[in-house]
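Student: Submitted below is the structure of interest, expressed as structure tokens.
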Amino acid sequence: MIDILLLLFLAITAIAIVRSRDTVTAVMLAGLSSLISACLFLLLDAADVAFTEAAVGAGISTLLMLSALHAVAPTKTRPRKVAWPALAVALLCGGLLAYGTLDLPPFAAPDNPVHQHVANHYLEQTNKEIGVPNVVTAVLASYRGFDTLGEIVVVFTAGLAVLLLIGRRRQEDQDDDAK
Amino acid sequence: MSPMEVIAAVLLGSGALLGVIGGIGLHRMPDFYTRLHAAGVTDTLCSALFLAGLALHFGATLASVKLALIFMFLMFTSPTSCHALANTAFASGLRPWQADSKGSTPPSTP
Amino acid sequence: MLAAAGIAVLVSMALALARALLGPTLYDRILAVNMFGTKTVLFIALIAALVGRGDYLDIALLYALINFIGVIALLRYHEVSAKSGSEPPA
Numbered sequence: 362m363i364d365i366l367l368l369l370f371l372a373i374t375a376i377a378i379v380r381s382r383d384t385v386t387a388v389m390l391a392g393l394s395s396l397i398s399a400c401l402f403l404l405l406d407a408a409d410v411a412f413t414e415a416a417v418g419a420g421i422s423t424l425l426m427l428s429a430l431h432a433v434a435p436t437k438t439r440p441r442k443v444a445w446p447a448l449a450v451a452l453l454c455g456g457l458l459a460y461g462t463l464d465l466p467p468f469a470a471p472d473n474p475v476h477q478h479v480a481n482h483y484l485e486q487t488n489k490e491i492g493v494p495n496v497v498t499a500v501l502a503s504y505r506g507f508d509t510l511g512e513i514v515v516v517f518t519a520g521l522a523v524l525l526l527i528g529r530r531r532q533e534d535q536d537d538d539a540k
Numbered sequence: 590m591s592p593m594e595v596i597a598a599v600l601l602g603s604g605a606l607l608g609v610i611g612g613i614g615l616h617r618m619p620d621f622y623t624r625l626h627a628a629g630v631t632d633t634l635c636s637a638l639f640l641a642g643l644a645l646h647f648g649a650t651l652a653s654v655k656l657a658l659i660f661m662f663l664m665f666t667s668p669t670s671c672h673a674l675a676n677t678a679f680a681s682g683l684r685p686w687q688a689d690s691k692g693s694t695p696p697s698t699p
Numbered sequence: 227m228l229a230a231a232g233i234a235v236l237v238s239m240a241l242a243l244a245r246a247l248l249g250p251t252l253y254d255r256i257l258a259v260n261m262f263g264t265k266t267v268l269f270i271a272l273i274a275a276l277v278g279r280g281d282y283l284d285i286a287l288l289y290a291l292i293n294f295i296g297v298i299a300l301l302r303y304h305e306v307s308a309k310s311g312s313e314p315p316a
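Protein chains in written order, with my numbering: chain A, 362 to 540; chain Y, 590 to 699; chain Z, 227 to 316.
If you want it as structure tokens, here you go:
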């Protein structure tokens, strides 16, 4: 019941982001939608994901987008006409996906096919093979260590690229000031 | 019900009621500055009563200490952000609506 | 009792959301988002009480901090860009 209400809020916020005519309003409403997502994650019993979503989505992301907006002039757009074919295609795809979810097994039932193969092995053998009491940490850092290595490489490369770009822009500003 | 639960229920109920009153005030007030009064004052008091009610519900555990921390933090920052909001709005040119300005309807009535 | 308080907080969140969508000036929207954030802190604390796990309160504390910082950051952005013009933005 609360889930449905929160999802409704999320849908209303998403429509408002698309229809807002000012970029700062859109940034603020995006922070708001991150907040509603954090509440939804909490209701699904995922506390660490809610933590990360609240901190990153509502905090850092809003601040970063605002400081990016600082560098450009504020924009206001005229109201656009609705693109009816695009809306029809989007509704059709969404409707087909929602229809597809009717075939899924009940949520978190213990005899779902996905819980039968590797998950049992992880849950039973973690204490003996790895020795770390937290199963999530054992899966992330030991059983699936290569995936975590790949993620770290991607994030590190992205951060390095951003630093190089910002460093170059600051260098150009200093050169312009020195002239 | 034990007296602690009754007090907790009263605090929670009055806190929630204040929250709804603040929300209604956001819609019925004619102007930004009056809305700021409605939202800011009721927000702080609603959080105080609500968190006190939840702390009584939890009893004397670590959770009550965390709730007291949240309460202290909100007590300091909620009035500060309202003041900052009023300051920035005034500095950027938004003026309060006065009854004797041009036209008899306020600029942003629902 | 907790459920009734939860419904009242959700109603208050819906009212704040409506003002964030309607509000003619930008400051109405910032006010509404601030109020929504505070109500979310209360909602998360309520979920912690309903489910019975006290460690969800860490998330509420985190969000109270971030809400404050976010609103002040928005206001600083506007203060800096308002010095170059004197129109209240929409």
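Just so you know, even glycine gets a beta-carbon here, dropped at the ideal spot from N, CA and C.
All values reported here derive from a predicted model rather than from experimental measurement.
Within 8 Å of any Cβ in chain Z, is that where the Cβ of L424/A sits?
Tutor: What you label residue 424/A is simply residue 63 of the first sequence in a count that begins at 1. Interface residue, yes.
Student: Name the DSSP beta bridge partners of D689/Y, please?
Tutor: One-based indexing of the second sequence puts residue 689/Y at position 100. According to DSSP, D689/Y bridges with nothing at all.
Student: Rank G642/Y, A605/Y, Y622/Y, T669/Y by C-alpha distance to the C-alpha of A249/Z and give the top, closest one.
Tutor: Here residue 249/Z is taken as the residue at index 23 of the third sequence, counted from 1. In the sequence as displayed, the identity of residue 249/Z is Gly instead of Ala. Out of G642/Y, A605/Y, Y622/Y, T669/Y, Y622/Y has the C-alpha closest to the C-alpha of G249/Z.
Student: Who are K437/A's beta bridge partners in DSSP?
Tutor: The count along the first sequence starts at 1 and reaches residue 437/A at position 76. Looking at the DSSP assignment, K437/A forms a beta bridge with D383/A.
Student: Which same chain residues end up closer than 7 Å to I596/Y when comparing Cβ atoms and leaving out the 5 residues on each side of it in sequence?
Tutor: Sequence index remark: in the second sequence, residue 596/Y carries index 7 (1-based). Cβ neighbours of I596/Y beyond the five flanking positions: L645.
Student: Per DSSP, what kind of secondary structure is H646/Y in: helix, strand or coil?
Tutor: The residue given as residue 646/Y occupies position 57 in the second sequence. Helix, per DSSP.
Student: If contacts are defined as beta-carbon pairs under 8 Å, then A605/Y and F647/Y qualify, I think. What distance do you get, rounded to the angstrom?
Tutor: Along the second sequence, one-based indexing puts residue 605/Y at 16. Along the second sequence, one-based indexing puts residue 647/Y at 58. Not quite, the Cβ-Cβ distance comes to about 17 Å (not below 8 Å), so this is no contact.
Student: Quick check: what's the CA-CA separation for V500/A versus A469/A?
Tutor: As a position in the first sequence, residue 500/A is number 139, starting the count at 1. As a position in the first sequence, residue 469/A is number 108, starting the count at 1. If you take the alpha carbons of V500/A and A469/A, they lie about 19 Å apart.
Student: Which of helix, strand or coil does DSSP assign to V514/A?
Tutor: For the purposes of this step, residue 514/A is identified with residue 153 of the first sequence, where counting begins at 1. Reduced to three states, the DSSP call for V514/A is helix.
Student: Between the alpha carbons of H672/Y and A678/Y, how many angstroms are there, rounded?
Tutor: Walking along the second sequence from the start, residue 672/Y turns up at place 83. Walking along the second sequence from the start, residue 678/Y turns up at place 89. Whole-angstrom Cα-Cα distance: 10 Å.
Student: Only counting runs of 4 or more residues, tell me where the alpha helix (DSSP H) segments fall wholly within the stretch 427–471 of chain A, in order along the chain.
Tutor: Here the runs fully enclosed are 445–461.
Student: Taking only beta-carbon positions, decide if R255/Z is within less than 8 Å of chain Y.
Tutor: Indexing the third sequence from 1 puts residue 255/Z at position 29. Cβ-Cβ to chain Y under 8 Å: no for R255/Z.
Student: Quick check on L268/Z - is its C-beta less than 8 Å from some C-beta in chain Y?
Tutor: By 1-based counting over the third sequence, the position of residue 268/Z is 42. At least one chain Y Cβ lies under 8 Å of L268/Z.
Student: Drop a sphere of 10 angstroms on the beta-carbon of V388/A, count the other beta-carbons inside from all chains shown, and report buried for 16 or more, exposed for fewer.
Tutor: Taking the first sequence and counting its residues from 1, one reaches residue 388/A at position 27. By the neighbour-count rule (16 or more Cβ atoms within 10 Å), V388/A is buried.
Student: Select from D281/Z, V259/Z, R279/Z, I285/Z the residue whose C-alpha is nearest the C-alpha of A411/A.
Tutor: Here residue 411/A is taken as the residue at index 50 of the first sequence, counted from 1. When each option's Cα is compared against that of A411/A, the closest is I285/Z.
Student: Residues in its own chain within less than 7 Å of I273/Z by CB, not counting five upstream and five downstream?
Tutor: For the purposes of this step, residue 273/Z is taken as the residue at position 47 of the third sequence. Hits under 7 Å: Y282.
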